[in-house]
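Counting along the sequence shown from 1, when you hit position 149 you're at 149 in my numbering, and nothing is skipped either side. For glycine and all other residues, C-beta sits at the position ideal for the given N, C-alpha and C. Predicted model only: the values in this text are computed from it and were never measured. Read the structure below first, then the notes.
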Amino acid sequence: PAPPTPAPPTPALPPRAATVLVLRAAGPAIEVLLVRRSHRASFMANAFVFPGGRVDAADAVADPADAAAADPLYPARRAAARELAEEVGLQVSKLGELVRFAHWITPSAEPKRFDTEFFLWPLPGPLPEPLNVQVDGREVFDPLWLTPAAALDRYAAGTLNLPPPTVCTLEDLAAEIAAGQADPTQATLAAGADGASAALLAALLTRCAARQPLPVLPKLCATDHGELAIVMPWDPQYPELPGEGQPVPG
Numbered sequence: 001p002a003p004p005t006p007a008p009p010t011p012a013l014p015p016r017a018a019t020v021l022v023l024r025a026a027g028p029a030i031e032v033l034l035v036r037r038s039h040r041a042s043f044m045a046n047a048f049v050f051p052g053g054r055v056d057a058a059d060a061v062a063d064p065a066d067a068a069a070a071d072p073l074y075p076a077r078r079a080a081a082r083e084l085a086e087e088v089g090l091q092v093s094k095l096g097e098l099v100r101f102a103h104w105i106t107p108s109a110e111p112k113r114f115d116t117e118f119f120l121w122p123l124p125g126p127l128p129e130p131l132n133v134q135v136d137g138r139e140v141f142d143p144l145w146l147t148p149a150a151a152l153d154r155y156a157a158g159t160l161n162l163p164p165p166t167v168c169t170l171e172d173l174a175a176e177i178a179a180g181q182a183d184p185t186q187a188t189l190a191a192g193a194d195g196a197s198a199a200l201l202a203a204l205l206t207r208c209a210a211r212q213p214l215p216v217l218p219k220l221c222a223t224d225h226g227e228l229a230i231v232m233p234w235d236p237q238y239p240e241l242p243g244e245g246q247p248v249p250g
């Protein structure tokens with residue numbers, strides 16, 4: 001009899017990473033920090049992204065007496081705080097300040113992949129004006145403070161290079177901000193209080209802390225024009241395409 005067909009090799013798990021949406025109250029709005037990756041970067045070169053990077057082995061090493069170490073996200077939180085300090089000189093005093101917001105995994109068809117946790121983090125106030133973010137000048141450059149809506153407008157106009165996960169995360173954040181602004185209590189604050197955006201930011205963080213983000217693992221497919229299209233797990237054609245990932249409800 002013919003020898004049995006060997007099982008296909010189990011794909012290697014992508015390395016873990018963490019990134020931070022740094023938020024600040026600015027006038028009546030909430031702004032987020034974007035930084036440009038180096039044009040020499042091997043991943044998302046020259047794109048504007050949120051500060052972040054790979055989870056190192058040292059990020060998982062904790063004092064057993066530290067209650068936070070029992071959190072499965074502890075290494076990702078440590079990495080997020082470390083990368084934030086290294087890339088833009090901002091210090092997270094307590095890991096619990098990082099609010100989990102999204103979870104993205106690079107498509108299996110890509111040669112370089114990451115399994116990335118996205119966190120929200122509010123800048124502690126009061127803040128100096130103007131606030132100068134000290135980028136490292138090696139991995140990231142050109143810090144930008146923009147509202148999510150303004151960043152998406154620049155992307156749509158072709159003047160801001162944003163990777164797909166950044167675009168989708170900004171869209172998600174813009175929707176959460178809009179939901180807060182539509183709340184009658186927050187609308188009253190916005191109409192008559194100088195601290196309106198700070199109140200909106202606090203409410204945003206409270207609401208997002210209750211989220212339970214599902215991992216988003218897109219797939220890639222070729223269009224009729226020979227270009228690559230990104231297919232999300234909730235798109236109808238997702239189950240039919242090759243690659244890792246399970247469909248999820250929209």
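Environment of residue i [buried if 16+ CB atoms lie within 10 Å]
i      : result
ALA29  : buried
TRP121 : buried
LYS94  : exposed
GLY137 : exposed
GLY158 : exposed
LEU160 : buried
GLY226 : exposed
VAL20  : buried
GLU253 : With the chain represented from 1 up to 250, any question about residue 253 goes unanswered, as that position is not in the structure.
TRP145 : buried
Integer-rounded CB distance, given that residue j should sit under 8 Å from residue i
i      : j      : result
LEU34  : ALA175 : Between ALA175 and LEU34 the Cβ distance is about 18 Å, and since that is not below 8 Å, they are no contact.
SER108 : GLU244 : 4 Å
ALA76  : ARG16  : 6 Å
VAL291 : VAL88  : In the structure as shown, the chain starts at 1 and stops at 250, and residue 291 therefore has no counterpart that could be examined.
Sub-9 Å separation of residue i and residue j beta-carbons
i      : j      : result
PRO215 : TRP104 : yes
MET44  : PRO143 : no
ALA251 : THR166 : No statement about residue 251 is possible, as the shown extent of the chain runs from 1 to 250 and does not include it.
VAL248 : VAL140 : no
ILE177 : LEU200 : yes
LEU217 : GLN246 : yes
Whole-angstrom distance between residue j and residue i, CA atom to CA atom
i      : j      : result
GLN181 : VAL61  : 40 Å
ALA85  : PRO148 : 23 Å
ARG211 : ARG100 : 8 Å
ALA196 : ARG78  : 31 Å
CYS208 : ALA179 : 11 Å
ALA26  : HIS39  : 30 Å
DSSP beta-bridge partners of residue i
i      : result
PHE118 : THR19, ALA102
PHE141 : ARG36
ARG24  : GLU31
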